[in-house]
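K.L.:
When you read off a place in the sequence shown, starting at 1, and then add 61, the result is the number in the working numbering.
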Amino acid sequence: AAPSGGMAGPCPLLLVLLVVPLGMAGMAGMLHPRDTPSRERKELGGLWNFRADLSPGRDAGFAQRWTVKFLFLNALFLPFPCNCHQTGPVIDMPVPSSFNDITQDPSLENYIGWVWYEKEVLLPPRWLQGVPSTRVVLRFGSAHYYSIVWVNGVQVVEHEGGHLPFEAEISSIIQGSPGSLCRITVALNNTLTPHTLPPGSIQYMTDKTRYPKNYFVQNIRFDFFNYAGIHRPVVLYTTPSVYIDDITVTTASSEHVAMVQYQVSVVGSTVYSLSLSLHDQEGKVVATGDGPEGELKVLNPNLWWPYLMHENPGYLYSLEVKMQAQVDGVLLEDVYTLPVGIRTVHVTSTQFLINGRPFYFHGVNKHEDADIRGKGLDWPLIVKDFNLLRWLGANSFRTSHYPYAEEIMDLCDTYGIVVIDECPAVGIKLPESFGNKSLQHHLAVMEELIRRDKNRPSVVMWSVANEPASELPPAAFYFKTVIAHTKALDPSRPVTFVTDANYALDRGAPYVDVICVNSYFSWYHDPGHLEVIPLQLTAQFENWYKTYQKPIIQSEYGADSVPGLHSDPPLMFSEEYQKAMLREYHSVFDKKRKEYVIGELIWNFADFMTNQGTTRVLGNKKGIFTRQRQPKAAAFVLRERYWKIANESSCLPPVITSHSLFL
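(1) DSSP on residue 709, reduced to helix/strand/coil?
(2) Check whether the segment 656-665 and the segment 413-428 touch, using three or more Cβ-Cβ pairs below 8 Å as the test.
(3) How would you write the range of the alpha helix (DSSP H) that residue 299 sits in, first residue to last?
(4) Across the segment 693-701 and the segment 638-658, are there enough close Cβ pairs to call them in contact, namely three or more that are closer than 8 Å?
(5) Considering only the alpha carbon of each residue, which of 258, 126, 274, 223 lies closest to residue 211?
(6) Cβ atoms of residue 468 and residue 58: under 9 Å apart, would you say?
(7) Would you kindly report the start and end of the unbroken alpha helix (DSSP H) that includes residue 497?
(8) Secondary structure at residue 168, three-state DSSP: helix, strand or coil?
(9) Among all the DSSP beta bridges, which residues are the ones paired with residue 546?
(10) Give the DSSP-derived three-state secondary structure of residue 277 in the structure shown.
(11) What are the start and end residues of the alpha helix (DSSP H) that includes residue 474?
(12) Considering residue 177, what are the terminal residues of the beta strand (DSSP E) in which it resides?
(13) Enumerate in chain order the residues of its own chain whose CB-to-CB distance from residue 597 is below 6 Å, with the five nearest sequence positions on each side excluded.
(14) Threshold first: 4 residues or longer. Then list the alpha helix (DSSP H) segments lying entirely within the segment 183-235, N to C.
(15) Just curious, the beta strand (DSSP E) that residue 103 is in, first and last residue?
(16) Return the first residue and the last residue of the beta strand (DSSP E) that residue 613 is part of.
(17) In three-state terms, what does DSSP make of residue 258?
(18) Find the nearest neighbour of residue 260 within the set 690, 492, 607, judged by alpha-carbon distance.
(19) Just to confirm my understanding: we take residue 160, look at its own chain, exclude 5 residues before and 5 after, and list those with CB closer than 7 Å. What are they?
(20) How would you label residue 681, buried or exposed, when you count the other beta carbons within 10 angstroms and need 16 or more for buried?
(21) Where residue 508 and residue 550 are concerned, what is the direct C-alpha to C-alpha distance, given to the nearest angstrom?
(22) Quick one: Cα of residue 454 to Cα of residue 704, how far?
(23) When we look at the beta-carbon of residue 702 and count the other beta-carbons within 10 Å, is it buried (16 or more) or exposed?
(24) Candidates 197, 320, 370, 304: which alpha carbon is nearest residue 296's?
(25) For residue 568, which residues from the same chain have a beta carbon less than 6 Å from its beta carbon, with the 5 sequence-adjacent residues on both sides left out?
(26) If you run the structure through DSSP and keep just helix, strand and coil, what is residue 110?
(27) Which of helix, strand or coil does DSSP assign to residue 694?
(28) Identify every residue that forms a DSSP beta bridge with residue 667.
(29) Under DSSP, the beta strand (DSSP E) around residue 788 begins and ends at which residues?
(30) Can you tell me which of the three DSSP states residue 379 falls into?
Rendered as structure tokens:
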């Protein structure tokens, strides 16, 4: 059944809601919730009540006002008499997770439209008794794609976008409600339109001899499954009523001294004091400051270095910020601690420099994707992936094709894994997706992404898109605007976008700092002909560099391989073909990295799910690991290469080998 709204003709309900102005969730700070002496967290993961709206128009939840009812009513836990009614049958849904693969229902696997979540939470009495000095905030790490949230039947926030956090203060609602039970209701719609990121479209099949009445499909132009659900942690956290809202840190360093520039914003009062102290990993205070902005001087600093570039990679200081304010005669204090890595990034016409030294990206592209949980955050999987990255000798990855969870980014900071941080602008192929409506949303997404990740030392470059139709005339103004906006928001980092367009026709390349190119010679082009790779790949690099005089990253290359499928001589889809393709590419990389090629990122780290199609057998098989994280033959080829490159470029003693770090 097709989703519909109050507009003439068949139209998803989401299209009606998207006319709400962007930024409705506010553009205040988005500090990651942390337990501090002045802040508490309550995690809301676990089982939530869940119901998909299966009505013909997907609008029963709004028409029947599910927001003021209980999806599932448990009177034993109601703190007050209630004439509420439940909406109908619900199922248990784990949060975080995608809902698609949790059940045996094929209609939920490919469901498009509104789904509803609900959870009742028992709040600590001290949160309710803290009026007016305690502020309570509800925060979602991400929910895909369009979210509306109610607390005790009161709407508190709307958010567009599936990969970035959003939050709302709910103090007045919960502190003004009887009892201490808090009911959180979420309506979530995964419909994609030409103006969403990523974009998509709804296609209605009107031939009644071939399709049921009101039959429709969601069309997308990207090659990964459009998983949906509450994908990342949901938390309640507290702050004082006067609180530290945002912190911005940038760093600079010379041989024996580093400068940490900071800006701190405080909300709730204009009269307050701020003190800052920077601690090293032993807890020693190495610099202090005060006031909302300033500079901390660090003597003989420990710099943040990438993995395999230093014997102590990922060194992080702790910046403790303390705020004090008098409110109605009561002294309020807020404390927030921010990890800080001291490092610099600089791009020349042929090099990418970290802390003044040439850095070569030898890494991977990834996806947040796994069996059953879909894109839901899963700690065992995250830790396994980082262990595989370090076993592989990878020093970097791109967050293809959307921002990854903050928990993943935290480990990148800690382990020294360098990140190209990409926004969800993938599959921008239609002219209508380059219009002003799409542009304004794209700018807002970049603001949200930079607001979240601006302080991360692991993030060395922003990527504003992947494989857009950048040869179209509107792309020139579109990407000039997006890239300029991104640089204005964060002048400290270079900007790229990832292209597969012809070098002579690409309208976005003139504005980026680094050229990132995807190519699949002998796979999508001249399939099966490995012998064409040296000529075609060499020509690719030389044409791009001659035209733009900018360093180049091979941001994608690879071949599908079905685990256990063997062929000699190598044939497509065998493990041998995947190995042979990699070696052909590597021979060219080794020549060009002596000139202006600054990196290589394999596609892909692990197999991942896609839409069904005649070229996809249970997903994309270009991973060097299976979806279950078992190595294919290509993983050992890449591992040998990456450790060899690390030994050539590292300042560490040559005793480092691929066997010196078995994780």
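Don't be surprised by glycine CBs; every beta carbon is placed ideally from N, CA and C.
P.N.:
In brief:
(1) Residue 709: helix per DSSP, three-state reduction.
(2) Short answer: they touch.
(3) That residue, residue 299, is in no alpha helix (DSSP H); its beta strand (DSSP E) goes 295-301.
(4) Short answer: they touch.
(5) Comparing Cα positions, the closest option is 126.
(6) There is simply no residue 58 to check, as the chain begins at 62 and stops at 724 in what is shown.
(7) Segment 497-514, the alpha helix (DSSP H) holding residue 497.
(8) The answer is helix: DSSP assigns residue 168 an H, G or I state.
(9) In DSSP, residue 546 forms no bridge with anything.
(10) In this structure, residue 277 counts as strand in the three-state DSSP scheme.
(11) Annotation for residue 474: the continuous alpha helix (DSSP H) segment containing it runs 467-476.
(12) Residue 177: member of the beta strand (DSSP E) spanning 175-183, first to last residue.
(13) These residues qualify, in order along the chain: 582.
(14) Whole alpha helix (DSSP H) segments, 4+ residues: 186-189.
(15) Counting along the chain, the unbroken beta strand (DSSP E) around residue 103 starts and ends at 102-104.
(16) Counting along the chain, residue 613 sits inside the beta strand (DSSP E) bounded by residues 613-617.
(17) Note: residue 258 maps to coil in three-state DSSP.
(18) It is 492.
(19) Answer for residue 160: 111, 154, 169, 176, 289, 290, listed in chain order.
(20) The residue in question, residue 681, is buried, as its Cβ has 16 or more Cβ neighbours within 10 Å.
(21) Their backbone Cα atoms lie some 7 Å apart in a straight line.
(22) Whole-angstrom Cα-Cα distance: 5 Å.
(23) It counts as buried.
(24) The residue with the shortest Cα to Cα distance from residue 296 is 197.
(25) Within the same chain, residue 568 has close Cβ partners 531, 536, 537.
(26) DSSP, reduced to helix, strand and coil, places residue 110 within a strand of the structure shown.
(27) The DSSP-derived three-state label of residue 694 is helix.
(28) For residue 667, the beta-bridge partners assigned by DSSP are 686.
(29) No information on residue 788 is available, as it lies outside the stretch 62 to 724 that the chain covers here.
(30) In this structure, residue 379 counts as strand in the three-state DSSP scheme.
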